[in-house]
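First the structure, in the form of structure tokens, and then the observations on it.
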Amino acid sequence: MKRPIPLCLCLLFLILSPVGNSNSAPRAQAIHNEAGFMTIEPISFYFHYGSYFNRLDLRSSEARIFYSFQAADRDPEDKPLFVFFNGGPASATSSGLMSMYTGRFTIDNSIEGGGGNGYISNPVPWTRLGNLLYIDAREAGFSYNIMTRVTEELARWQEFNAQNYNPLFDAADYIRVILRFFTRHPALRSNRVVIVGESYGGDRATCMLHLLLNYADYGSGREMFQDPSLAREIQEHLEAVFPDYRGHTVPPEVISRQFGHQILIQPSVPWGYREELTEEMLRRPGSELYQIGAEVGIPFRPAAYADRYEFLHAAGRDPYIYVKPEGWLDGYFGNAGILLRTVSNLIRVTGADVTRLAPFYAAARTQAYRLANPNIIGQNETKVQASVRVLFLDPAVKEAVHIQTEPGNVTAVFGPLQPWDRYFLGNNGNALWAFHVFNVAMKRGYEAHPADIRYGRMFLQNLLSVETFVTHAAYDLVVYSKAFAPSLARYSEIVNSARVSENPVGGESRSGRVIVTYRANAFPGMPAGGTRTIRFPLYDKSCHAVSLTQPVELFQDVVDWLKQRDFVID
Amino acid sequence: MHGKKTGAFRLFRNMAVFFLAVGLTTALPASPPGTAGEGSHRFQFEFFGGPAQPGLSAFNGLVDYDNQIQDFSYDHLFDSLRDQGGIVSWSKNQPSGRKKIVLTLPFGMRFRYRISPRLSVSLGARASIGRREADFSFEYTRQEPLNYEDRENVRYFPYLLSARALAVLAGLHYQMPISRKLTLETFIAAGPVFADCRYSYEWEYVWHRQGPDMDFDASQMAGHLEETGKGTGIAADLGARLQYPVLKRLAIFLEGAYSYQAVKKIAGRGREIRGDIETTWEGRWAIKKETIAAPWGTMEAEFPTNYWPEGSTSSRVRDFKLDFSGFQARIGVCLTF
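Protein sequence lines correspond, in order, to chains V and A. If you're matching positions, the first sequence starts at 1 in this note's numbering and goes up one per residue. If you're matching positions, the second sequence starts at 1001 in this note's numbering and goes up one per residue.
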């Protein structure tokens, strides 16, 4: 007989032996649903306008960024990664796109007033198309920051400033999360990425793609924003994906093989020109504001209202969906934020057992902060544009009641938090204040507000390398889609024209394209761009959150668009 | 090099003190006027010093550059913000500012050997030290609508420019009496010059925001910057002097000369600390051209630096010269033995 006992012992030894060194490369994880917090260490970065020794140095707080990953229904290793985020800035993705007809579960759009008391199965889950990664921005949703001196209110106020809140660093956070997620999931590392941003998410997508495609310029001093450690991290990732470029700067046309698609749901970009044009267009006789005035019996008189928000407030209509009463859309976001604070709902939506996440627990977040002062949320400065107040600060104030006492059972499950910490914030009013009202980068003259002209230029430059899909929601007066193409055309130093074409192509259900024609040598050192086409389908009954109001139509258009770009759809 | 006195400068100082003491001791016995340097005494030791206006314009360009940057980053920005309605008004408070090196006090010594009644040769050394140190601060206040006020205060403690040169000169001197006691002399001298420079400042920055509902330091920063360099060049003097005997072996003289002292190749270390991040580098000094393109305007400036990071958009436009050249007036004493 052979000697079975030693053989069994050998097998047992092999089974019990550790494989690899736990201190070496990050442990690869299998591809299944997961949720977690990605730690981003304090990052040193700076702004400059070409004078190195006269730069604005900034150093961020440590952040724990919440993410939820839903694996594709089939063959996740071979599927693209859809990266979802909402806008604000500083608004939650968890209560936005993650809860609104993209993942496997959703709030119910057929129930008025916020979508009901629980989550239902999504008839059009994007997991049919690929893997989904939802990311809550720094200090929004479930993400939270860490600091020393956390008990000092003034020290907390100091953290709500440019070192944590500006469009480019916000985008850098997202890139870091994506790249580190790839590092932990080598099986997905080379897969194509489709960025899906809503509202301000359009600006974030613009910044992310510009940072990725031109990463070397963001570490070499060529760009206004300099984040050398991010440039190195991107280089490492690209060397892993494109080994032929080891030791060399990878050009945009190569990077776009992975980061070459964006789906933008009512993107705010280009914010500055679009805002100007929106006000101008809505003041023309016959505009939606005149129609609303006739419906509600309050005639719209342009001279009587500072901007559209004032009139819509007087008319009692929701600027995100003007056919509905004021607060309609916020009701859905707010309700999702409440539902997610019941842990069973969060587990259902993410498909992951969040009770196993140590960073969730109060014991792990004694140095965490979400608010400078829990009694001052959003109303701490009166000098803001009406749009900022109506869209961002007021919702934050409305949410305050749920901030003072968090609903659901998160506190019971994870433990009571410090007064300045919270499990969930749909909109972080303090962060919004830092983005829009006061941050030293903006005040020092750096283009650190999303309305600055620079971001439209970046969008147009990205467009040369990135296939783009932009929604056209008929009822949205916040991101007024009719102003999108004209606002691109305002960049006359870059484009000859940007026009909408309604001609249907093939058998598509919803037509619409924006055709952008570039000037020769529009960007220094870049080849003449010629023409680029943005898919721009019309959603005739949709609000700002297109995935909420017309989810089936959006899904079908995305499927068709991806198929045309050689994505394999099951 | 500047933190501690270098060996060459220390040796030079000690020698100067020693020979001055020896000279004075030797010269103390009274002697009839007009006899100094005559007879069988062929050796002469001289010690001299006096003010000079050095041609350090390139190095002083750092002050111009820093002033220009301040003007662009604050005054111009605030003008632009005010014109666009972003702020109501702004004001500036700056009692003093950065200082240039406008004067040095060269001092030196030389040994001379008389090879004929009218002709002498010499070997000597001369140090030129220019240093301007300024503790100063400036504060800009901007008034925003609804009674919000932002104050930016920057303090430098100190802001320092320092440049030093040590020239070792071999000379030829021709002298002739022009009266019973007075001697006129012309001379020419040349030799190597060893120079160093240092540009540094410590700074603190505080942004204070005040309004109806807030009053706090919104942002604070601090840092240190220094760039140093040293190199070797050529020095040459052409001058004339009048000499008058006061003791048997001691005379005083008044000297005027054009002194060329320039170091064209100068390199050294740099160090910057911002917060908890320290960066160091080494590089050759040259004139850099910076173009600052901001939304409120464009500024072009040229200044000397030894910082040349890879991939920088700033360009090197020409060599930097640490130039101490200029006319010098000196008074001195000479001792024969």
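C-beta: ideal position from N, C-alpha, C; glycine also.
Neighbour flag for residue i against chain V, beta carbons, 8 Å
i	result
A/LYS1004	Confidence is the limiting factor: at A/LYS1004 the pLDDT is only 44, short of 50, which leaves the residue's position unreliable, though a coordinate-based value still follows. A/LYS1004 does not count as touching chain V.
A/PRO1309	yes
A/THR1291	yes
A/ARG1110	no
A/GLY1229	no
A/ASP1150	yes
A/GLU1209	According to the sequence displayed, residue 1209 of chain A carries Arg and not Glu. Yes - at least one Cβ of chain V is within 8 Å of the one on A/ARG1209.
A/LEU1077	yes
A/LEU1225	yes
A/VAL1317	no
Chain A contact residues for residue i, given Cβ-Cβ distances below 8 Å
i	result
V/ASN161	ALA1218, SER1219
V/LEU154	PHE1216, ASP1217
Short CB-CB distance (under 8 Å) between residue i and chain A
i	result
V/GLY272	no
V/LYS79	no
V/ARG59	yes
V/TRP433	no
V/LEU230	no
V/TYR215	no
V/GLY50	yes
V/VAL397	no
V/LEU238	no
V/VAL479	no
V/VAL250	no
V/GLY221	yes
From the options, residue whose alpha carbon lies closest to that of residue i
i	options	result
A/GLY1275	V/THR411, V/LEU58, V/GLY415, V/GLN226	V/LEU58
V/PHE259	V/THR468, V/VAL516, V/ARG535, V/LYS482	V/THR468
V/GLU62	V/ASN131, V/PHE169, V/THR93	V/PHE169
V/THR355	V/ALA368, V/THR366, V/ARG341	V/ARG341
V/GLY247	V/THR148, V/GLU239, V/ASN86	V/GLU239
V/TYR475	V/GLY197, V/LEU154, V/TYR320	V/TYR320
A/PRO1095	A/PHE1136, A/VAL1088, A/SER1089	A/PHE1136
V/ALA363	V/ILE338, V/VAL254, V/TYR423, V/HIS313	V/TYR423
A/GLN1084	V/PHE435, V/TYR49, V/GLY445	V/GLY445
V/ARG565	V/LEU129, V/PHE438, V/PRO186	V/LEU129
V/ASN462	V/THR148, V/PRO267, V/HIS261	V/HIS261
A/LEU1169	A/PHE1072, A/LEU1250, A/ALA1163, A/PHE1194	A/PHE1194
V/GLU41	V/SER99, V/TYR119, V/VAL150, V/VAL177	V/VAL177
Between the CA atoms of residue j and residue i - distance to the nearest angstrom
i	j	result
V/HIS237	A/TYR1156	42 Å
V/PHE84	V/SER547	12 Å
A/GLN1044	A/TYR1260	24 Å
V/PRO416	V/TYR290	50 Å
A/ILE1277	A/GLU1302	27 Å
V/ARG204	A/LEU1077	27 Å
A/LEU1322	A/ILE1292	26 Å
V/LEU460	V/THR93	25 Å
V/SER91	V/ALA294	34 Å
A/GLN1238	A/LEU1172	The question names Gln, yet the displayed sequence has Leu at residue 1238 of chain A. The alpha-carbon atoms of A/LEU1238 and A/LEU1172 are separated by roughly 10 Å.
A/LYS1004	A/GLY1055	Low confidence applies to A/LYS1004: its pLDDT is 44, below 50, so where it sits in the model is not reliable enough to give any reading.
A/LEU1103	A/ILE1331	16 Å
V/ALA72	V/TRP561	18 Å
V/GLY115	A/HIS1224	57 Å
Where residue i meets chain V, residues with beta-carbon distance less than 7 Å
i	result
A/PRO1295	GLY445, GLU447
A/ILE1069	SER51, ASN54
Cross-chain neighbours of residue i in chain V, by beta carbon under 8 Å
i	result
A/ARG1274	ASP57
A/SER1073	ASN54, ARG444, GLY445
Listed by chain order, chain A residues near residue i by CB distance under 7 Å
i	result
V/SER44	ILE1277
V/TRP157	PHE1216
V/VAL440	TRP1207, ALA1218, SER1219
Cutoff 8 Å: residue i Cβ touching any chain B Cβ
i	result
A/LEU1182	The chain inventory of the structure shown lacks chain B, comprising the protein chains V and A.
> Fully enclosed by the region 1051 to 1128 of chain A, which beta strand (DSSP E) runs are 3 residues long or longer?
Replying inline: 1089 to 1093, 1107 to 1114
> Where are the beta strand (DSSP E) runs, 3 residues long or more, that stay fully inside the region 22 to 90 of chain V, in chain order?
Replying inline: 34 to 40, 44 to 47, 56 to 59, 62 to 70, 81 to 85
>> For a minimum of 4 consecutive residues, which ranges assigned as the alpha helix (DSSP H) are wholly contained in the region 449 to 493 of chain V?
In response: 454 to 463, 484 to 489
> Counting only runs that start and end within the region 496 to 537 of chain V, where is the alpha helix (DSSP H) found for 4 or more residues in a row?
Replying inline: none
>> Which runs of the beta strand (DSSP E) at least 3 residues long sit entirely within the region 1272 to 1305 of chain A? Give them in chain order.
In response: 1277 to 1284, 1286 to 1294, 1297 to 1305
>> So within the region 200 to 266 of chain V, which uninterrupted beta strand (DSSP E) runs reach at least 3 residues, ignoring any that extend past its ends?
In response: Runs of the beta strand (DSSP E) inside the region 200 to 266 of chain V: 261 to 265.
> Can you list the beta strand (DSSP E) stretches of 3 or more residues lying completely in the region 274 to 342 of chain V, in chain order?
Replying inline: 321 to 325
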